[in-house]
Each structure stands twice: as C-alpha cells, then as structure tokens.
Amino acid sequence: MATNTETTTIAERLALTPSSADEVSQKPAKHGYFDRIAQQHAGALWTCLDKMVPPRPNPTATVQSWPYEQMRPSLLEAGDIVSAEEAERRVLMLINPSLDAPYTTDTIYAGLQLILPGETAPAHRHVAFALRFIIEGSKGFTAVEGQKLTMERGDVILTPSWHWHDHGNEGTEPMIWLDGLDLPVYRFLPVNFAENYAESRYPSEPVSESKLRIPWSGVVEQLDANKPTQSTISAQAERVAAGTTSPGSQETCSFVYHIYEGKGYSTITGKDGKEQRVDWQERDTFTVPAWSTITHTSLDESGSAYLFAINDLPMVESLGLMRSSSG
13 MATNTETTTI AERLALTPSS ADEVSQKPAK HGYFDRIAQQ HAGALWTCLD KMVPPRPNPT
73 ATVQSWPYEQ MRPSLLEAGD IVSAEEAERR VLMLINPSLD APYTTDTIYA GLQLILPGET
133 APAHRHVAFA LRFIIEGSKG FTAVEGQKLT MERGDVILTP SWHWHDHGNE GTEPMIWLDG
193 LDLPVYRFLP VNFAENYAES RYPSEPVSES KLRIPWSGVV EQLDANKPTQ STISAQAERV
253 AAGTTSPGSQ ETCSFVYHIY EGKGYSTITG KDGKEQRVDW QERDTFTVPA WSTITHTSLD
313 ESGSAYLFAI NDLPMVESLG LMRSSSG
C-alpha cells in the first residue's frame, strides 16, 4: 500500500506546504524582498509552483456550442455589411468564452466563412496551416497553388503553410464552411504572417483529384467499413450508430466538433469533474477542451450520426505530450 508521501503530486513534493510557504514568504516580504526581485525581472518559483506543475492537464478553454440555426442568420447578415473583397476573409470567429480571439480551444482557431454568389476572396498566403470543412453550398472553389478545387458539402480542403490560395463562388447559393487554423500557436511563437497576391486570383486550373481535397463520400465509406479515417492531418470523422452511445475517451488533445448529419448529444466531463451535456443537430459546432472525458449519443433512430472534428493531435504527438486515461 502506498504511503501518503508516495502518492503526493509533483507540486506537493517540490513545493512548500501552504502554511510553511506563508511563513517563509511573509518574513522577506517585510523587507521588500519580492518587490526587489521583481525589479530585477525575477520571481520566486516556490510561490507558484503548483500552477507551473499542476497535478493534471489544466486547459483554459471551456465547453461552448454554436447552433447553426443561430449562427447562419448572423453570417448572412455579414454579407450585407461587407463584401468578400473588402473583408478579404468574411468570417465569424468562434471565440471560446474563457479566452479571447483567436482561441476556440487553447490550440485551435475556428470560424464560419461566407462567400456569396459571384464573389472572390482575394488570393493570399500565410504561415499558418488551414483546413476547411464545407457546410453548405455548391459550385464553390478554393484554388491552392494553381489547383482549382471544387467545394461540395462535406468536403475537406487543405491549405498547407505558405501556399497561395483564394476562394470563389460560381454557384447561385451562399457557400459556407468551417475554417480551422493553428493560429493560437502563433500567440506564443510569433512567426505567423501573410502576403497578399498582386491580383485577386492566383493562376489556377481545375483538377478532378487532389491530395488537398477529401470528399465526404470517401470518409463515409471508410467509416462504414470500420476502417481508420486518415483523411487529413488534424482532422477526423466519427460515426455513432442510431440509438447508441460511443465509448468514453479522455486525451490531452482538444477538439472542435461539427455535426455533418444526425441528432443527439455529447456528454463532456471537464477538468473540474463537472459534467455538461451539449445537444446537437446537423451543422452545429461545439468545443471539447483537452483532458475532457467525452461520449457521443445518437438520438436519430433512422440512421447513424456523423461527426467531423478538428483536433490538435499532430502537435500534441510531435511534442511527446499525448496522454490518455487508458494509458
């Protein structure tokens, strides 16, 4: 049986206990110790070690949902306020209530972008990686480094770092999609910047197939065949059979979920142990902070629910930070 000492956290083992820390900190404080070291641009680690080395992952982001029936009217109203050319990118950012823009989770930025019929969003390129999940519309396109990619509902379009790209709508209905970028990373690594192309369109030719476009039909085939979906870096798709609940999972990566099809709810237990229920239907979007336990339940008795998600798994894995409650 483990002793109390053996089961204490790293912070408890390395830091002073609250009572002794108070006793130690009060004495030098009388002599202005902390003020003096602050003027030297230094600080006492022992006063905040528990925050630096917490006993469990401690994301700032919280659970938040954006029902499409509420967001769509606001996005279309933006189309009356500013053109795609004027805005460059006419997007409603999905801002986590516990953070500021550009945070949708601690590591992922997401937004809803609108291109109206006949519009073009001017060509530019940037360091940040981007992917787009098409929510609504037909006959839209994204041109990436000379490849003109058609956009249909459920498609995933990739825009690698520093690739020229522009968007347009050659159809008769609005094109709306979910943007996902790694912008929060650049708040700590300030190396993201953009460059505008001299013309509104970067020269491109239509292509029938491209590694930068993953049609939803291919994703569904893989899911229905119970094959792993490896459609893009930092994206995934899940299928929940009618009337069932998915197995629970808890990982150190965060997610921005979007409902492609179906109706149901997700049960999310956060770092504080509190359980939240997010009800969803087709085209809704919601967040799952890192280290949350999550299950999805389909309430649609006529068919499976399909969920698309943007995740930060590649970054977490490449840094050696991937952990799960299962080991």
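To convert, count from 1 in the sequence shown and add 12; that's this note's numbering.
Don't be surprised by glycine CBs; every beta carbon is placed ideally from N, CA and C.
Is residue 248 helix, strand or coil by DSSP?
Counting from 1 along the sequence shown, the entry for residue 248 is found at position 236. Of the three classes helix, strand and coil, the one that applies to residue 248 here is strand, per DSSP.
What separation, rounded to the nearest whole angstrom, lies between the Cα atoms of residue 35 and residue 44?
On the sequence shown, residue 35 is found 23 positions in, with the first residue counted as 1. On the sequence shown, residue 44 is found 32 positions in, with the first residue counted as 1. Low local confidence applies: a pLDDT of 49 at residue 35 is under 50, so the model's placement there is unreliable, with the coordinate-based value given in what follows. When rounded, the distance between both Cα atoms is 15 angstroms.
Mind checking whether residue 125 and residue 226 have CB atoms under 9 angstroms apart?
Within the sequence shown, residue 125 is the residue found at index 113, counting from 1. Within the sequence shown, residue 226 is the residue found at index 214, counting from 1. Taking 9 angstroms as the Cβ cut-off, residue 125 and residue 226 do not qualify as a contacting pair.
When burial is assigned at 16 or more other CB atoms within 10 Å of the CB, is residue 96 buried or exposed?
Position 84 of the sequence shown, counted from the first residue, corresponds to residue 96. Buried, by the Cβ-count rule.
My understanding is that residue 303 touches residue 256, with C-beta atoms under 8 angstroms, so please give their C-beta distance in whole angstroms.
Position 291 of the sequence shown, counting from 1, holds the residue named residue 303. Position 244 of the sequence shown, counting from 1, holds the residue named residue 256. Between residue 256 and residue 303 the Cβ distance is about 25 angstroms, and since that is not below 8 angstroms, they are no contact.
How big is the Cα-Cα spacing for residue 172 and residue 193?
Stepping through the sequence shown from its first residue, residue 172 is reached at position 160. Stepping through the sequence shown from its first residue, residue 193 is reached at position 181. Those two C-alpha atoms are separated by around 10 angstroms.
For residue 282, which residues in the same chain have their Cβ closer than 6 angstroms to its Cβ, ignoring the five residues on either side in sequence?
Residue mapping note: residue 282 aligns to position 270 of the sequence shown, counting from 1. Excluding sequence neighbours, residue 282 sits near 304.
Own chain residues within Cβ distance below 8 angstroms of residue 275, not counting five before or after:
As a first step, residue 275 must be located in the sequence shown, where it is residue number 263. Cβ neighbours of residue 275 beyond the five flanking positions: 292, 293, 294, 310, 311, 312 and 317.
What is the rounded straight-line gap between the Cα of residue 191 and the Cα of residue 130?
To locate residue 191, count along the sequence shown from 1; it is residue 179. To locate residue 130, count along the sequence shown from 1; it is residue 118. About 20 angstroms.
If the criterion is Cβ atoms closer than 9 angstroms, does the pair residue 133 and residue 179 meet it?
As a working mapping, residue 133 is identified with position 121 in the sequence shown. As a working mapping, residue 179 is identified with position 167 in the sequence shown. The answer is yes: Cβ separation under 9 angstroms.
Segment contact, 8 angstroms Cβ cut-off, at least three pairs: the stretch 161–176 with the stretch 136–146
yes
Return helix, strand or coil for residue 81, following the three-state DSSP convention.
Within the sequence shown, numbered from 1, the residue matching residue 81 stands at position 69. If DSSP states are grouped into helix, strand and coil, residue 81 belongs with the helices.
Is the Cβ-Cβ distance between residue 224 and residue 169 less than 9 angstroms?
Counted from its first residue, the sequence shown places residue 224 at position 212. Counted from its first residue, the sequence shown places residue 169 at position 157. Yes. Within cutoff.
Going by CA-CA distance only, name the one from 273, 301 and 308 that's closest to residue 279.
On the sequence shown, residue 279 is found 267 positions in, with the first residue counted as 1. Ranking the options by Cα distance to residue 279, first place goes to 308.
Which first and last residues belong to the beta strand (DSSP E) in which residue 191 is found?
As a working note, residue 191 is residue 179 in the sequence shown. Counting along the chain, the beta strand (DSSP E) containing residue 191 begins and ends at 187–193.
Whose CA, out of 211, 258, 249 and 285, lies closest to the CA of residue 268?
Sequence index remark: in the sequence shown, residue 268 carries index 256 (1-based). If we check each option's Cα against that of residue 268, 249 comes out closest.
Determine the direct distance from the alpha carbon of residue 64 to that of residue 72, and round the result to whole angstroms.
Translated into positions along the sequence shown, residue 72 becomes position 60. Translated into positions along the sequence shown, residue 64 becomes position 52. One C-alpha to the other measures close to 14 angstroms.
Among 201, 216 and 152, nearest to residue 185 - alpha-carbon criterion
By 1-based counting over the sequence shown, the position of residue 185 is 173. Cα-wise, what sits closest to residue 185 is 152.
Reference residue 108, options 333, 298 and 337, closest by Cα:
Within the sequence shown, residue 108 is the residue found at index 96, counting from 1. Measuring from the Cα of residue 108, the nearest candidate turns out to be 298.
Distance between residue 148 and residue 28 (C-alpha atoms, nearest Å):
Mapped onto the sequence shown, residue 28 falls at position 16. Mapped onto the sequence shown, residue 148 falls at position 136. Because residue 28 carries a pLDDT of 37, less than 50, the predicted location of this residue cannot be relied on, and the following value inherits that uncertainty. Distance between the alpha carbons of residue 28 and residue 148 is about 56 angstroms.
CB residue 219 to CB residue 161, shorter than 9 angstroms?
If you number the sequence shown from 1, residue 219 lands on position 207. If you number the sequence shown from 1, residue 161 lands on position 149. Their beta carbons are under 9 angstroms apart, which means residue 219 touches residue 161 by this criterion.
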